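Per my numbering, the very first residue in the sequence shown carries number 2; after that it's consecutive.
For glycine and all other residues, C-beta sits at the position ideal for the given N, C-alpha and C.
Since the structure is predicted, the reported quantities are computational estimates derived from the model, not experimental observations.
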Amino acid sequence: EVLYGGNDFLKMRKRDIKKLRKDMGMLFQGSALFDSKTVLENVSFPLDIFSRKNKRERIKRAVFCLERVGLDEAHNLYPSEISGGMMKRVAIARAIALNPHYLFCDEPNSGLDPKTSQLIDELINDITKDFGMTTIVVTHDMNSIMNIGDHIVYIHEGKKEWEGSKAEIMNADNESLNEFVFASDLFKKVKEAQNLEDQEKLDALK
């Protein structure tokens with residue numbers, strides 16, 4: 002069973018499922034924009050389906066969301082005319098168009114350079130706070146996890162193996178998790194530096 006608000010999704014009525022979908026925003030790995038629609042039309046799409054507002058109000062909301070992600074001058078451009086980072090921002094604007102309670106992000110930094118990845122992380126973090134949402138990010142990017150992760154759940158072979166904070170993840174007592182976290186040379190060096198600092202503190206107490 003899949004529970005939402007204590008109710009089984011599989012037993013919900015169609016109108017309840019529609020309301021549930023309005024409560025959730027989705028940021029897909031490849032942005033999933035419509036090639037044949039402009040940036041503004043892409044952001045307006047969920048509003049056209051779910052919102053009861055008139056067209057003028059829907060456009061106003063879409064414009065606001067684009068302004069919030071820094072794309073107020075890209076309304077009439079098509080996905081083929083913008084960069085990968087801009088496409089991600091359009092996708093974020095579309096995901097928040099209905100003012101959802103939850104934002105789900107599937108590998109939001111996939112295919113982006115490190116600098117753009119950090120900007121997208123910061124944007125997701127800011128929007129989460131500004132809109133008072135709960136954001137769930139599925140990612141294997143440790144930089145992203147350490148930048149914006151509050152509560153971390155490590156899934157291995159379809160099962161939850163560990164959960165905790167980003168402060169706790171560096172010292173977790175879980176072999177599988179440690180293999181994942183410290184697969185990168187950068188995080189190995191961070192761990193070594195942390196261990197050295199801890200040892201120096203212990204030596205100072207002797």
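| Item | Value |
| --- | --- |
| Which value, in whole angstroms, describes the spacing of the CA atoms of Ile93 and Val70? | 8 Å |
| Tell me where the beta strand (DSSP E) around Thr135 begins and ends. | 135 to 139 |
| Here's the rule: buried if 16 or more other CB atoms are within 10 angstroms of the residue's CB, otherwise exposed. What is Asn77? | exposed |
| Once you ignore the five residues that flank Thr129 on each side, which residues in its own chain have a CB closer than 6 Å to its CB? | Thr136 |
| Whole angstroms is fine: what's the gap from Met143's alpha carbon to Gly165's? | 14 Å |
| Where does Phe29 sit, in a helix, a strand or coil, going by DSSP? | coil |
| Tell me which same chain residues have a C-beta within less than 7 Å of the C-beta of Cys66, skipping the five on either side of it? | Val44, Ala94, Ile97, Ala98 |
| Helix or strand or just coil, what does DSSP make of Val182? | helix |
| Report buried or exposed for Arg59, applying the criterion of at least 16 other Cβ atoms within 10 angstroms of its Cβ. | buried |
| Is there at least one non-hydrogen atom of the ligand COA closer than 7 Å to the beta-carbon of Lys89? | This structure simply doesn't include the ligand COA, nor any ligand for that matter. |
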